[in-house]
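Numbering (the numbering used here), first residue to last: 2 to 425. Even for Gly, the Cβ is constructed at its ideal location relative to N, Cα and C. These notes concern the structure reproduced below.
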RNA sequence: GCGGUCGUGGUGAAGCUGGUUAACACACCAGAUUGUGGCUCUGGCAUUCGCGAGUUCGAGUCUCGUCGAUCGCCCCA
């Protein structure tokens, strides 16, 4: 095979494409319900938009598609949606509007990772960002958006995980406390965790190998390092979620990947085994400093991103998307050669919102009827020499199996009447 | 970035310890039935087994490489 897609990238077409569209349509509907404006930002941005000094996450430090152009511009294919949206918020001075500014996006993201189920190198995310205000009500509303979106889609096998990382300083303090604590146990840590000790000690709490070890369980708790304000804030978020009947679990080991998160973080994970190792359907959190870091005013924001491919895996596993046959209203059986009459008939149909197809290959009558059948059409319209002479068509109704000769001028009225009969 | 498994037509696949016409089913096309289909019957449909090299008299079957998929780790949506 000479030509093929790049590893981890794939084509979306046919049935799959329709599923994506269904999800997108519902998402846009939710955006409208919740007062979010759709936004498209470029797929390609200056690297600095995504990568800040001191970034530690793998996503930013080693998974980005970054390259240079003309030996000077460092460009990156976006690995996530938030940074670009915030960049746009600042660049377009959207903070001049009434706050919060609520933006939603759908688009492809790129991460150079080893592909596996639920993880592609190019994939799609549905996300929202609520920028400008900091209030537990907003946190609850953002989570509600995601949660009810999934519920409305029909997803059942999910749970909501919630945690608070505290403000920026308490997060730093906690990180340091953990580092200090685990240093004494370095010899007992797994290989990965030895790295995490310096890079991201919070991850040790989450480690599949080490998490059950006694000294890990006894490690300092995040909650002990939260400020009064943060604790209070977190309590309110929980209170509001309860008021909205959104079930959630506190997971004090929940750490999100991006460096910019503060206070509320959340994740929705699939409990369906079809999701495999990539069970996180969506994740998000609040970011107090990001807008300012990007050169804007000191405004807090919160958002989430849903992995559309993962959502699709789950939706399929739960049987939400049943195969539906695409059906046509009419198929024009064309017995003429080198003659536009059949196409004229089709054109009339389409101009009146009847979908239709015809035969272009001079196939036998039988073959054409077979096609009509396969496409599950209601009306098979036969067109030949006689019909052309009399400017008429023969219409066979698949429902009644009856056939009528109808004048071309009366065709649409005839079909309208037939369609109308169903509702009587 | 690391480890395991896998790769045969449009699809699902068979192919035993290497033996030479690559099974079967579905789908598709044509005919029986040259202006009326969905059933049936008949016939057609992979110069070739992801790609490349090697071993061999001989490779879909063995070896190596490569590309891809998949599962797990890491990480994350």
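At 4 residues or longer, and completely inside the stretch 329-359: list those alpha helix (DSSP H) runs for me, N to C. Secondary structure in the stretch 329-359: the alpha helix (DSSP H) runs of 4 residues or longer, each lying completely within the stretch, are 342-352 in chain order.
What does a CB cutoff of less than 6 angstroms around residue 150 pick up in its chain, not counting 5 residues either side in sequence? For the purposes of this step, residue 150 is taken as the residue at position 149 of the first chain. Cβ within range, chain order: 31.
Cβ separation of residue 111 and residue 79, assumed to be a contact under 8 angstroms, to the nearest whole Å: Residue mapping note: residue 111 aligns to position 110 of the first chain, counting from 1. Residue mapping note: residue 79 aligns to position 78 of the first chain, counting from 1. Taking a contact as a CB-CB distance under 8 angstroms, the pair residue 111 and residue 79 counts as one, their CB atoms being some 7 angstroms apart.
Kindly confirm or deny that the stretch 293-307 and the stretch 95-107 touch, where touching means at least three C-beta pairs closer than 8 angstroms. These segments touch.
Neighbourhood of residue 86 by C-beta distance below 7 angstroms, restricted to the same chain and skipping five residues each side: Locating residue 86 in the first chain gives position 85, counting from the first residue. Around residue 86: 40, 42, 104, 106 and 130.
What are the boundary residues of the alpha helix (DSSP H) that residue 182 is part of? Walking along the first chain from the start, residue 182 turns up at place 181. Taken as a continuous stretch (DSSP letters only), the alpha helix (DSSP H) holding residue 182 covers 169-184.
Three or more beta-carbon pairs under 8 angstroms between the stretch 114-123 and the stretch 49-58, yes or no? Not touching, per the Cβ criterion.
Hey, which unbroken runs of the beta strand (DSSP E) at 3 residues or more fall wholly within the stretch 384-424? Here the runs fully enclosed are 393-398 and 404-408.
Around the Cβ of residue 268, are there at least 16 other Cβ atoms within 10 angstroms (buried) or fewer (exposed)? Translated into the one-based positions of the first chain, residue 268 becomes position 267. Burial call: buried.
So, is residue 377 buried or exposed, given that buried needs 16 or more other C-beta atoms within 10 angstroms? Here residue 377 is taken as the residue at index 376 of the first chain, counted from 1. Looking at its Cβ environment, which holds fewer than 16 other Cβ atoms inside 10 Å, residue 377 is exposed.
Looking at the secondary structure, which residues open and close the alpha helix (DSSP H) in which residue 145 lies? Working through the first chain from its first residue, we reach residue 145 at position 144. Looking at the DSSP string, the run of the alpha helix (DSSP H) that includes residue 145 is 137-154.
Where does the unbroken alpha helix (DSSP H) through residue 25 begin, and where does it stop? On the first chain, position 24 is the one that residue 25 refers to. Going by DSSP, residue 25 is part of the alpha helix (DSSP H) stretching over 15-34.
For residue 131, write down the residues that DSSP places opposite it in a beta bridge. On the first chain, residue 131 is found 130 positions in, with the first residue counted as 1. Residue 131 pairs with 103 and 303.
With a 10 Å radius around its C-beta and 16 neighbouring C-beta atoms as the bar for buried, classify residue 205 as buried or exposed. Residue mapping note: residue 205 aligns to position 204 of the first chain, counting from 1. A residue is called buried when at least 16 other Cβ atoms come within 10 angstroms of its Cβ; residue 205 meets this threshold and is buried.
Measure the C-alpha to C-alpha separation of residue 8 and residue 122 and round it to an integer number of angstroms. Position 7 of the first chain, counting from 1, holds the residue named residue 8. Position 121 of the first chain, counting from 1, holds the residue named residue 122. Near 8 angstroms, if we compare the C-alpha coordinates of residue 122 and residue 8.
How would you call residue 5, buried or exposed, if buried means at least 16 neighbouring beta carbons within 10 angstroms? The residue given as residue 5 occupies position 4 in the first chain. Residue environment: residue 5 is assigned as exposed (fewer than 16 neighbouring CB atoms within 10 Å of its CB, all protein chains considered).
Just list the residues that DSSP pairs residue 126 with in beta bridges. Along the first chain, one-based indexing puts residue 126 at 125. 108 and 308, per the DSSP bridge assignment.
For residue 74, which residues does DSSP report across the bridge? In the first chain, the residue the question calls residue 74 occupies position 73. Answer is 70.
Residue nearest to residue 61 in terms of C-alpha spacing, selected from 261, 382 and 364: By 1-based counting over the first chain, the position of residue 61 is 60. Nearest of 261, 382 and 364 to residue 61, Cα basis: 261.
With a 10 Å radius around its C-beta and 16 neighbouring C-beta atoms as the bar for buried, classify residue 365 as buried or exposed. Working through the first chain from its first residue, we reach residue 365 at position 364. That one is exposed.
Write down the C-beta distance between residue 246 and residue 263 rounded to the nearest angstrom, noting that I regard them as a contact closer than 8 angstroms. Here residue 246 is taken as the residue at index 245 of the first chain, counted from 1. Here residue 263 is taken as the residue at index 262 of the first chain, counted from 1. Taking 8 angstroms as the upper bound for CB-CB distance, residue 246 and residue 263 are not in contact here, some 27 angstroms apart.
Report yes or no: do the stretch 156-167 and the stretch 269-277 share at least 3 C-beta pairs separated by less than 8 angstroms? Between the stretch 156-167 and the stretch 269-277 there are three or more C-beta pairs closer than 8 angstroms, enough to call the two in contact.
Quick check on residue 83: buried or exposed, where buried means 16 or more other Cβ atoms within 10 Å of its Cβ? Here residue 83 corresponds to residue number 82 of the first chain, with the count starting at 1. Taking a 10 Å sphere around the C-beta of residue 83, we find 16 or more other C-beta atoms and assign the residue as buried.
Please state whether DSSP places residue 81 in a helix, a strand or coil. In the first chain, residue 81 corresponds to position 80, counting from 1. The three-state secondary structure of residue 81, taken from DSSP, is coil.
Three or more beta-carbon pairs under 8 angstroms between the stretch 356-363 and the stretch 404-412, yes or no? Contact between the stretch 356-363 and the stretch 404-412 is absent, with fewer than three C-beta pairs closer than 8 angstroms.
Rank 156, 72 and 76 by C-alpha distance to the C-alpha of residue 315 and give the top, closest one. Start at 1 with the first residue of the first chain, and residue 315 comes out as number 314. Ranked by Cα distance from residue 315, the first of 156, 72 and 76 is 156.
When the Cα of residue 24 is compared with those of 143, 312 and 413, which residue comes out closest? Within the first chain, numbered from 1, the residue matching residue 24 stands at position 23. The residue with the shortest Cα to Cα distance from residue 24 is 312.
Which residue wins for smallest C-alpha separation from residue 276, given the options 224, 317, 372 and 233? Working through the first chain from its first residue, we reach residue 276 at position 275. Checked all of 224, 317, 372 and 233; the closest Cα to residue 276 is 317.
Rounded Cβ spacing between residue 183 and residue 190 (contact assumed at less than 8 angstroms): Counted from its first residue, the first chain places residue 183 at position 182. Counted from its first residue, the first chain places residue 190 at position 189. About 7 angstroms; that satisfies the 8 angstroms criterion.
Just to confirm, is the Cβ distance from residue 179 to residue 221 under 8 angstroms? Residue mapping note: residue 179 aligns to position 178 of the first chain, counting from 1. Residue mapping note: residue 221 aligns to position 220 of the first chain, counting from 1. Going by C-beta atoms, residue 179 is nearer than 8 angstroms to residue 221.
Could you please give me the residues that DSSP links to residue 271 through a beta bridge? By 1-based counting over the first chain, the position of residue 271 is 270. Secondary-structure assignment with DSSP links residue 271 through a beta bridge to 159.
Three-state secondary structure (DSSP) at residue 264? On the first chain, position 263 is the one that residue 264 refers to. Here residue 264 sits in strand by DSSP.
Let me check understanding here. Comparing Cα to Cα, which of 389, 45, 185 and 412 lies closest to residue 352? The residue labelled residue 352 in the question sits at position 351 within the first chain. Checking every option, the nearest Cα to that of residue 352 belongs to 412.
Under three-state DSSP, which class holds residue 97? Translated into positions along the first chain, residue 97 becomes position 96. Residue 97 falls in the helix class under three-state DSSP.
Inter-residue CB distance, residue 226 and residue 175 (contact presumed, cutoff 8 angstroms): Translated into the one-based positions of the first chain, residue 226 becomes position 225. Translated into the one-based positions of the first chain, residue 175 becomes position 174. The beta-carbon separation of residue 226 and residue 175, rounded to 4 angstroms, stays under the 8 angstroms limit for a contact.
Per DSSP, residue 288 forms a beta bridge with which residues? Locating residue 288 in the first chain gives position 287, counting from the first residue. For residue 288, the beta-bridge partners assigned by DSSP are 302.
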